[in-house]
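In what follows, a structure is listed as C-alpha cells, so that the remarks can point back to it.
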Amino acid sequence: MGSSISQCSTSDLDLESMESIDVNRISLSHKVVSLVPDFNSHDVDINTITAVFVAKLIEEAEKKHRSSEYGKYLKLLQRATQLGSACAAAKLGVVYSRGLDSTISPDYASAAAYYFLSLKLITLIPNTSWDITLLLDVVIGLTDLYRSKLDSRYDEDIINHGVKLMRLIDDRLQDLYFIRILNYKDVQQRRAIRIHINFCIALTAMAAGEVFESAMSFQECLVVGECGFAPADKLVESAQTNINILESSLPRIPPICVQCEYAPKNLKDIWKLVVCPQCKDVGCCGKDCLENHMSTKCVGSK
Ligand SMILES: [Zn+2]
Ligand SMILES: [Zn+2]
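According to my numbering, the sequence shown is numbered sequentially starting from 4.
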C-alpha cells in the first residue's frame with residue numbers, strides 16, 4: 004500500500020487537481036466520513052490518507068449536487084462508498100429512495116441495498132466510533148421503505164435481509180460499555196434508532212402473520228419509550244395502535260395447545276387450534292389432544 008493521496012486518486016471522476024487538496028481544511032471526524040478503517044494495513048498512514056481523500060470526495064459531491072451536476076454527484080458518492088464510507092452509501096440510499104431530478108428514478112430495492120451497505124460498513128467500525136446521527140438517518144430511511152415502499156409479496160428476500168442487519172445493529176446498541184460512553188443527545192438518538200429498528204421488525208413479522216413476534220417488537224418500541232425525536236415518537240404511538248389491532252385479531256383462547264403445549268407462530272395456525280367444546284376456555288392442536296384434554300384436565304361444560 005502506498006501512502007500518498009495520488010495512490011487513492013482516480014482519473015474518471017473529473018476531480019479538479021486532487022493534488023491541491025488543503026488537508027488542514029478537511030475535518031477528519033468520523034461524523035463526516037464514517038469510514039471503515041483498513042485494519043489489515045501495515046501502513047500507519049493509510050487510514051488517515053483514505054479518510055482525507057474520502058472527505059474530499061464527499062465535499063466535492065455536495066458541490067456537484069448544489070450545481071445540479073447529478074451524474075458527477077453520483078460518481079463521487081459511489082467512489083467514496085467503494086472506499087468504505089458508510090456516509091456516502093447512506094446518501095446513495097436517499098438518492099435511490101427519492102429519485103434525483105431526471106438522472107435517477109426512485110428504485111426502492113437499490114435504495115434498500117445502499118442503506119444495507121451503509122449498515123454493513125457501520126458494523127465494521129467499532130461501535131464506540133459510530134456516527135449515531137448517521138445511523139439514525141439510515142434507519143429513518145429504511146423505516147420509510149419498510150412502511151410503504153417495499154412489498155412483502157415481491158421483496159421478501161430484501162426485507163428479511165434488512166431485518167437481520169437491523170437486529171445485529173440493535174444488539175450492538177445494547178452493549179453496556181457503548182451505552183456508558185454516550186452523551187445525552189446520543190442516548191436519545193440511540194433510543195430513536197432502537198424504536199425505528201423494532202418497528203421495522205414488527206411490520207415484517209406482522210406481514211408474515213407472526214402475531215407474537217410482531218407484538219413483541221411493537222412492545223419493545225413502547226418499552227424504549229418517547230425519545231424527543233418526532234418520527235420515532237410517532238412510531239411509538241403507532242406501535243400501541245398496532246398492538247391493539249393484533250390483540251383484536253387473536254382468538255379468545257390462549258394461543259397454545261393446552262395438552263401438548265404446541266404454540267403456533269403465525270395467525271393462520273393459531274386459528275386452526277380447536278376450541279374445547281366443553282370448557283370453551285382452551286384450544287388443542289388436533290383431535291387426539293382434544294380427546295385427552297376432555298377426558299383428563301377439562302374443567303367441564305359451562
Ligand atoms: Zn396438542
Ligand atoms: Zn376443556
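Where a beta carbon is used, it is the ideal one built from N, C-alpha and C, also for glycine.
Using the DSSP secondary-structure output, state which residues sit across from residue i in a beta bridge.
{"i": "VAL278", "result": "GLY286"}
{"i": "LEU103", "result": "ILE107"}
{"i": "LEU38", "result": "SER88"}
Ends of the alpha helix (DSSP H) at residue i?
{"i": "GLN177", "result": "Run containing GLN177: none; DSSP gives neither H nor E here."}
{"i": "ARG194", "result": "187-210"}
{"i": "ASP140", "result": "135-147"}
{"i": "VAL302", "result": "Where VAL302 is concerned, there is no enclosing alpha helix (DSSP H), given that its DSSP letter is neither H nor E."}
{"i": "PHE215", "result": "214-227"}
Please state whether DSSP places residue i in a helix, a strand or coil.
{"i": "CYS260", "result": "strand"}
{"i": "PRO129", "result": "coil"}
{"i": "VAL26", "result": "Low confidence applies to VAL26: its pLDDT is 46, below 50, so where it sits in the model is not reliable enough to give any reading."}
{"i": "LYS268", "result": "coil"}
{"i": "ASP236", "result": "helix"}
{"i": "ILE184", "result": "coil"}
{"i": "SER118", "result": "Looking at the sequence shown, residue 118 is not Ser but Tyr. Helix at TYR118."}
{"i": "ASP291", "result": "helix"}
{"i": "SER252", "result": "coil"}
{"i": "ASP160", "result": "helix"}
{"i": "SER151", "result": "helix"}
Shortest alpha-carbon distance to residue i belongs to which of the options?
{"i": "LEU120", "options": "GLY165, PHE221, THR51", "result": "GLY165"}
{"i": "SER113", "options": "SER88, THR126, LEU137, GLY144", "result": "GLY144"}
{"i": "SER71", "options": "ALA218, LEU103, ARG82", "result": "LEU103"}
{"i": "ASP147", "options": "LYS237, LYS275, ALA58, CYS263", "result": "LYS237"}
{"i": "LEU176", "options": "ILE196, ASN186, TYR157, ASP160", "result": "ILE196"}
{"i": "ALA115", "options": "CYS224, LEU153, VAL302, CYS230", "result": "LEU153"}
{"i": "VAL227", "options": "VAL239, GLU216, ALA233", "result": "VAL239"}
{"i": "THR84", "options": "HIS68, THR106, ILE107, TYR117", "result": "TYR117"}
Return yes when at least one heavy atom of ligand 3 lies under 7 angstroms from the C-beta of residue i, else no.
{"i": "GLN262", "result": "No copy of ligand 3 appears in this structure; the ligands present are ligand 1 and ligand 2."}
Give a yes or no on contact between the stretch 263-270 and the stretch 207-223, applying the rule of three or more CB pairs nearer than 8 angstroms.
-> The answer is yes - the stretch 207-223 touches the stretch 263-270, with three or more Cβ pairs under 8 angstroms.
So, do the stretch 273-280 and the stretch 234-251 have three or more beta carbon pairs nearer to each other than 8 angstroms?
-> The stretch 273-280, when compared against the stretch 234-251, does not touch it at the 8 angstroms Cβ threshold.
Does the stretch 281-293 come within contact of the stretch 250-263, defined as at least 3 CB pairs closer than 8 angstroms?
-> At 8 angstroms Cβ cutoff, the stretches touch.
Should the stretch 127-135 be regarded as contacting the stretch 91-107, the criterion being three or more beta carbon pairs within less than 8 angstroms?
-> Under the three-pair Cβ rule at 8 angstroms, the stretch 127-135 does not count as touching the stretch 91-107.
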